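**Student:** Pasting in a structure now, in structure tokens, and then I'll have a few things to ask.
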Amino acid sequence: MKIRLSTLIMLIGFPAHAITFAGPINIYQDCLVNNKLTIRYESCFPLERDTNRNKVEINGKSGMNLDSAHFLTNQAFKGIVVVNGDDKYEEISTGRISVCRLIKEDKVYFFSKEIKGDKTIYYGNEGKGKVSASGRNLKSEHFSGYSYGDESLTRSLNAILPLELMPNVLPVYHRIAEGRLGNCFSYVDLCTEQNEWSEAFRYYFSGNKLVKIIGLSLTRDNQGKEVPKKALIKIEEFSPNVLHEYLSLPKELKEVNRW
Amino acid sequence: MRLCIVLLLAMLYQAIAVYAEQPNAEKYRSYFAVEQFYVEYADDKQNYVVAGSGEKRMATIASQFYSDELDYYNGKKDYPNVLYLEGKYYQFLDRHTATVALDYHLNSHEVDVRGRWNTLKNRLCIPDEFAPLVLKDRFRSDSFNYVMPILVESGKVGTYEFDKYCLQLHSHTGRVLSETVYNYYYDKGNLCRIDSLFVRNGKSSKLGSIKVKQITDVIPEKTFKIPKGCKVYAIGLGDMNDLLDQREIVERY
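Heads up: the sequence lines are chains A and B, in that order.
In terms of my numbering, the first sequence opens at residue 893 and continues consecutively.
In terms of my numbering, the second sequence opens at residue 842 and continues consecutively.
Put into structure tokens, the structure is as follows:
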């Protein structure tokens, strides 16, 4: 059987490691791989209140533990993520109050800001206007997946990483459907099934621009019941332009030593 | 022909030049494997103790800089920060106050997040620096596919002998994304220092460095004992008593 040369070249030349997505996801895949991006988004489904007690702690692991901040529960919030190489800035805000995490080289700064009229007041973890650096746990960042602010956004962006660069401790999301809607809209569906949870994301594009991500996850709790969780993220901007002004400590914050 | 044989022998020699791990490493591994260990170590800010004996496990943090008289008895902190004993988890506020919880409370939605109960198991784990010596740890979360670091080099630096272990993180296609390197330094056969590094894209960052004071299977008698005079409270479950801060005392010592 004669095989056409062009077919042969295509078969041999096709890189086995690159899972290329049809359509516009490629552009966003490149932004994530190159670690240069700015994302502005709005997360529309408010986080549920989990316990009877007020929650006041903010932890960051993979995604910022926003359900621990009581002033953020039951509210939609907006966020910004700026990444430039190893430096990263993540901010979650309700308009009036924002919580921020700045990772610069090997230091991590947590601070929050409050907008009162036309003034912005900064509070660091050492008090008003003062912040101390924590060490950066690079190993934990890589083993739990790169964080992009909100947990659902984090997982939805880690899901489109090329397999070659996705750590094998992160779940693989498979493309299960794609299609076109009216008015130049199209979508891609990714889904993963693990032992105790499964999750699906639908990415909506207007032409080539990512405009919305919808997520649904089902987790089996220790009584065997399935707990659903929804996410709706409107992407206002997602580009490889880095907003450098966010990647340094605001001038109103002074760095102090904790010990 | 002779050159071929010489080259072949040279290659074989390289292949079978096995690095010899320090003999005490196997001894330490056996302590962790049978869960009978007492480990004292310190970083530049705090002293730590982790001990395990069968089902029991405890961990203590004592600061080098601050010493509150209430915390210390005969100059040594004699109660743990976290303790697992007879199926129950204890967290100590001080020598006289502790809270107890059962396994299903740790991740329950009824429990106050600020109590840090959901990270309790992590604080009972044998620390990550000891990963090359620990195959299984009952308190380490299972969602992580655990692989042991492997020995890559042994040698001598100054008056210390060292063993170097490496743990690689692969992508789904097998490409190496990063490496965690553990450098173990031995002084006269005893492990005295561990440095860990994270290597990615050719860049190496320091993860941490600890001084190991001792690893032994002889556990001091009072290690898993709750101090006399301690009152143990039930964990708050978000009911009225909890919200009014009037919790029940369930155990007295």
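We put the CB at the ideal spot given by N, CA and C, even for glycine.
Since the model is a prediction, treat every value here as computed from it, not as a measurement.
#1: For residue 1064(B), which option in 871(B), 1032(B) and 878(B) has the closest C-alpha, if you only look at C-alpha atoms?
#2: Going by DSSP, name the residue or residues bridged to residue 992(A).
#3: I'd like to know whether the C-beta of residue 1046(B) is nearer than 8 Å to at least one C-beta of chain A.
#4: What span of residues does the alpha helix (DSSP H) with residue 865(B) cover, start to end?
#5: Indicate whether at least one CB of chain B lies closer than 8 Å to the CB of residue 1035(A).
#6: Enumerate, from N- to C-terminal direction, the unbroken alpha helix (DSSP H) stretches of 4 or more residues contained entirely within the stretch 1023 to 1089 of chain B.
#7: First and last residue of the beta strand (DSSP E) that includes residue 987(B)?
#8: Could you confirm whether any beta carbon from chain B is found closer than 8 Å to the beta carbon of residue 1141(A)?
#9: Using the beta-carbon count (16 or more within 10 Å), is residue 946(B) buried or exposed?
#10: For residue 1088(A), which residues of its own chain have a beta-carbon under 8 Å away from its beta-carbon, when the five flanking residues on both sides are left out?
#11: In the structure shown, what three-state DSSP assignment does residue 1028(A) receive?
#12: Can you name the residues that DSSP bridges to residue 975(B)?
#13: Consult DSSP for residue 1136(A) and reduce its assignment to one of helix, strand or coil.
#14: For chain A, is any of its Cβ atoms less than 8 Å away from the one on residue 934(B)?
#15: Do the stretch 1017 to 1024 of chain B and the stretch 1033 to 1042 of chain B touch if we need at least three Cβ pairs shorter than 8 Å?
#16: Tell me the DSSP secondary structure of residue 929(A) in three-state form.
#17: According to DSSP, simplified to helix, strand and coil, what is residue 1040(A)?
#18: Output, in sequence order along the chain, the residues in the stretch 1050 to 1074 of chain A whose CB is closer than 7 Å to any CB in chain B.
#19: Please list, in chain order, the residues of the stretch 1106 to 1124 of chain A that have any C-beta partner in chain B closer than 8 Å.
#20: Can you give me the C-alpha to C-alpha distance between residue 1077(A) and residue 1131(A), rounded to a whole angstrom?
#21: So, residue 1013(A) versus residue 1005(A), is the Cβ gap smaller than 8 Å?
#22: For residue 885(B), does the three-state DSSP call read helix, strand or coil?
#23: Identify the residues that DSSP records as bridge partners of residue 934(A): which are they?
#24: Could you confirm whether any beta carbon from chain A is found closer than 8 Å to the beta carbon of residue 1003(B)?
#25: For residue 1044(B), count neighbouring C-beta atoms within 10 Å of its own C-beta (all shown protein chains included) and say buried if the count is 16 or more, exposed if not.
#26: Determine which residues share a DSSP beta bridge with residue 902(B) and list them.
#27: Exposed or buried, which one is residue 1086(A) when buried takes at least 16 other CB atoms within 10 Å?
#28: With H, G and I counted as helix, E and B as strand and the rest as coil, what does DSSP make of residue 1115(A)?
#29: Assuming contact is defined by CB atoms lying nearer than 8 Å, are residue 1044(A) and residue 1125(A) in contact in what I supplied?
#30: Cα-Cα, which of 1037(A), 999(A), 1060(A) and 982(A) is closest to residue 1014(B)?
#31: Give the interface partners of residue 854(A) over in chain B, defined as CB-CB distance under 7 Å, in chain order.
#32: Is the shortest distance between the beta-carbon of residue 1025(B) and the beta-carbons of chain A less than 8 Å?
#33: DSSP three-state label for residue 921(A), please.
#34: Between residue 998(A) and chain B, is the shortest Cβ-Cβ distance under 8 Å, so that the two count as touching?
#35: Is the distance from the Cβ of residue 923(B) to the Cβ of residue 976(B) below 8 Å?
#36: Applying the criterion that 16 or more other CB atoms from any shown protein chain within 10 Å of the CB defines a buried residue, is residue 1145(A) buried or exposed?
**Tutor:** Let's see:
#1: Walking along the second sequence from the start, residue 1064(B) turns up at place 223. Residue 878(B) is the option with its Cα nearest to residue 1064(B).
#2: Numbered from 1 along the first sequence, position 100 holds the residue referred to as residue 992(A). BP columns for residue 992(A) point to 983(A) and 1003(A).
#3: To locate residue 1046(B), count along the second sequence from 1; it is residue 205. With 8 Å as the cut-off, residue 1046(B) counts as an interface residue toward chain A.
#4: What you label residue 865(B) is simply residue 24 of the second sequence in a count that begins at 1. Residues 864 to 874.
#5: Along the first sequence, one-based indexing puts residue 1035(A) at 143. Answer yes: the Cβ-Cβ gap between residue 1035(A) and chain B drops below 8 Å somewhere.
#6: Whole alpha helix (DSSP H) segments, 4+ residues: 1081 to 1084.
#7: Looking up residue 987(B) in the second sequence gives position 146. Counting along the chain, no beta strand (DSSP E) covers residue 987(B), and no H or E run does either.
#8: Mapped onto the first sequence, residue 1141(A) falls at position 249. By this cut-off, residue 1141(A) is not an interface position.
#9: Sequence index remark: in the second sequence, residue 946(B) carries index 105 (1-based). Sixteen is the threshold: when 16 or more other Cβ atoms of the shown chains lie within 10 Å of the Cβ of residue 946(B), as they do, the residue is buried.
#10: The residue you call residue 1088(A) lines up with position 196 of the first sequence. Within the same chain, residue 1088(A) has close Cβ partners 1111 and 1112.
#11: Within the first sequence, the letter at position 136 stands for residue 1028(A). Secondary structure of residue 1028(A) (DSSP, three-state): coil.
#12: Within the second sequence, the letter at position 134 stands for residue 975(B). The partner list for residue 975(B) (beta bridge, DSSP) is empty, contrary to what the question assumes.
#13: In the first sequence, counting from the first residue as 1, residue 1136(A) sits at position 244. Annotated three-state conformation of residue 1136(A) is helix, per DSSP.
#14: As a position in the second sequence, residue 934(B) is number 93, starting the count at 1. No, its Cβ sits nowhere closer than 8 Å to a Cβ of chain A.
#15: By the Cβ test, the stretch 1017 to 1024 of chain B is in contact with the stretch 1033 to 1042 of chain B, since at least three Cβ pairs between them sit closer than 8 Å.
#16: Within the first sequence, residue 929(A) is the residue found at index 37, counting from 1. Of the three classes helix, strand and coil, the one that applies to residue 929(A) here is strand, per DSSP.
#17: Position 148 of the first sequence, counting from 1, holds the residue named residue 1040(A). The answer is coil: DSSP assigns residue 1040(A) none of H, G, I, E or B.
#18: Under the 7 Å Cβ criterion, the stretch 1050 to 1074 of chain A contributes 1055, 1056, 1057, 1058, 1059, 1060, 1061 and 1064.
#19: If the cut-off is 8 Å between Cβ atoms, the stretch 1106 to 1124 of chain A has 1114 near chain B.
#20: Position 185 of the first sequence, counting from 1, holds the residue named residue 1077(A). Position 239 of the first sequence, counting from 1, holds the residue named residue 1131(A). Each residue's Cα considered, the two are about 19 Å apart.
#21: Residue 1013(A) sits at position 121 when you count from the first residue of the first sequence. Residue 1005(A) sits at position 113 when you count from the first residue of the first sequence. Yes; because the gap between Cβ atoms is below 8 Å, this pair is in contact.
#22: On the second sequence, position 44 is the one that residue 885(B) refers to. Residue state, collapsed to three classes: coil.
#23: Here the question's residue 934(A) lines up with position 42 in the first sequence. Note: residue 934(A) sits in a beta bridge opposite 970(A) and 1126(A).
#24: As a first step, residue 1003(B) is located in the second sequence; it is residue number 162 there, counting from the start. Cβ-Cβ to chain A under 8 Å: no for residue 1003(B).
#25: The residue you call residue 1044(B) lines up with position 203 of the second sequence. So residue 1044(B) ends up on the exposed side.
#26: Locating residue 902(B) in the second sequence gives position 61, counting from the first residue. Paired residue(s): 889(B).
#27: Start at 1 with the first residue of the first sequence, and residue 1086(A) comes out as number 194. With fewer than 16 other Cβ atoms from the protein chains shown falling within 10 Å of its own Cβ, residue 1086(A) counts as exposed.
#28: Within the first sequence, numbered from 1, the residue matching residue 1115(A) stands at position 223. Under the three-state reduction of DSSP output, residue 1115(A) falls in the coil class, being neither helix nor strand.
#29: The residue you call residue 1044(A) lines up with position 152 of the first sequence. The residue you call residue 1125(A) lines up with position 233 of the first sequence. Inclusion of residue 1044(A) and residue 1125(A) in the CB contact set at 8 Å is warranted, their separation being smaller than that value.
#30: Against the second sequence, residue 1014(B) aligns to sequence position 173. The residue among 1037(A), 999(A), 1060(A) and 982(A) with its C-alpha nearest the C-alpha of residue 1014(B) is 1060(A).
#31: With chain A running from 893 to 1151 in the structure shown, residue 854(A) is simply not present.
#32: Taking the second sequence and counting its residues from 1, one reaches residue 1025(B) at position 184. Not closer than 8 Å to any Cβ of chain A, the Cβ of residue 1025(B) fails to qualify, so no.
#33: If you number the first sequence from 1, residue 921(A) lands on position 29. Reduced to three states, the DSSP call for residue 921(A) is helix.
#34: Stepping through the first sequence from its first residue, residue 998(A) is reached at position 106. With 8 Å as the cut-off, residue 998(A) counts as an interface residue toward chain B.
#35: Looking up residue 923(B) in the second sequence gives position 82. Looking up residue 976(B) in the second sequence gives position 135. No, Cβ-Cβ distance for residue 923(B) and residue 976(B) is not below 8 Å.
#36: By one-based count along the first sequence, residue 1145(A) stands at place 253. With at least 16 other beta carbons inside 10 angstroms of its own, residue 1145(A) counts as buried.
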